[in-house]
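**Student:** Heads up: the sequence shown begins at 343 in our numbering, then just goes up one per residue. We put the CB at the ideal spot given by N, CA and C, even for glycine. Model, not experiment: these values are computed from the prediction. Handing you this structure, nothing more for now.
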Amino acid sequence: MFSLLGHFGRALLDFALPPHCLVCREPLAAASEYLCPQCWAPIRAVRPARCPRCSCPNAERGCANCAAWELERVLVLGDHAGPLREAIHRFKFEGQRQLGEPLGWCLGQAPEFAAALREVDLLIPVPLHAARQRERGYNQSEELARGLSGVLGAPLCTDHLRRRRATRQQASLDAAGRHENLAGAFEVCGVLPAHTCIGLVDDVVTTASTLSACAQALQQAGARRIWGLALACPFLKPPLGTRPFLDAS
Ligand SMILES: [Zn+2]
Ligand SMILES: [Zn+2]
């Protein structure tokens, strides 16, 4: 009954308030879309060379970032800039939870994700620590994964992967500190279906070490292949000899 009311309410709302671009609020031509062409174009613009495996922007000389990790690849929709950054900011820091599903839908539209998405049979969001989730009211990665699940038809699973303890912000730590910060931070509860290919969903790929720590736990629990799927990656030209990602989950 509530669901029926929900659908009816939504239809009424669409009639009263025609769909608008979720970034610039321009009216949209099609109700099935979430971004206007002007906002969508820069997100999909050709990006500078990135590592084909981890998407970090230091591909020229081979990549030390992903030399030894458990993830198949990390795919990102775009740079953490322009309209995408604006949308992520509202979604993550201004409590606009309702942007999660449309942004997840956008992930599912990216052609370079298609091959990975065909393979994925379970979507798992990077978990937040319970205290952080209470503070925000939702896990942003879970909202994204829900939108993506709607496009793919792959089930969303929020029970298996848990964050056992709060971790410090990775940005302030060096490589050894990051490793220590995340060691044993994630655990898998229950049994994963055998030979599962997992789409591990994150909002902004910050340190690949967070995804990597999740992937480690999932692989130990029997996952066969793990793809990292994220909205954005900060475009940083890292000074030589430093790691390329910032963390700000
Ligand atoms: Zn727009
Ligand atoms: Zn790499």
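Out of R392, R506, E484, G532, state which residue places its alpha-carbon closest to the alpha-carbon of L498.
**Tutor:** Reading the sequence shown from its first residue, position 156 is the one you call residue 498. Minimum Cα distance to L498 is reached at E484.
**Student:** Taking 7 Å as the cut-off, is the C-beta of R427 nearer than that to any heavy atom in ligand 2?
**Tutor:** Translated into the one-based positions of the sequence shown, residue 427 becomes position 85. No, ligand 2 has no heavy atom inside 7 Å of this Cβ.
**Student:** Going along the chain, which unbroken runs of the beta strand (DSSP E) with 3 or more residues stay wholly within the segment 482 to 536?
**Tutor:** The qualifying runs are 503 to 505, 528 to 530.
**Student:** Given that a residue counts as buried once 16 or more other Cβ atoms are within 10 Å of its Cβ, and exposed if not, what is D544?
**Tutor:** What you label residue 544 is simply residue 202 of the sequence shown in a count that begins at 1. The residue in question, D544, is buried, as its Cβ has 16 or more Cβ neighbours within 10 Å.
**Student:** T442 and R488 look like a contact to me (Cβ under 8 Å); what is the Cβ gap, rounded to whole Å?
**Tutor:** In the sequence shown, residue 442 corresponds to position 100, counting from 1. In the sequence shown, residue 488 corresponds to position 146, counting from 1. For clarity, residue 442 is Gly in the given sequence; the question names Thr instead. So it is a contact: roughly 7 Å between Cβ atoms.
**Student:** State the Cα-Cα distance for the pair A536 and S514, rounded to the nearest angstrom.
**Tutor:** Numbered from 1 along the sequence shown, position 194 holds the residue referred to as residue 536. Numbered from 1 along the sequence shown, position 172 holds the residue referred to as residue 514. Cα-Cα distance, rounded: 38 Å.
**Student:** Excluding sequence positions up to five away, which residues of its chain have a Cβ less than 8 Å from the Cβ of A452?
**Tutor:** Within the sequence shown, the letter at position 110 stands for residue 452. R386, L417, L419.
**Student:** Helix, strand or coil for W411? Go by DSSP, reduced to three states.
**Tutor:** In the sequence shown, counting from the first residue as 1, residue 411 sits at position 69. W411 falls in the coil class under three-state DSSP.
**Student:** Just tell me which of P394, R478, L445, I540 has its CA closest to the CA of V365.
**Tutor:** Position 23 of the sequence shown, counted from the first residue, corresponds to residue 365. The candidate whose alpha carbon is nearest that of V365 is L445.
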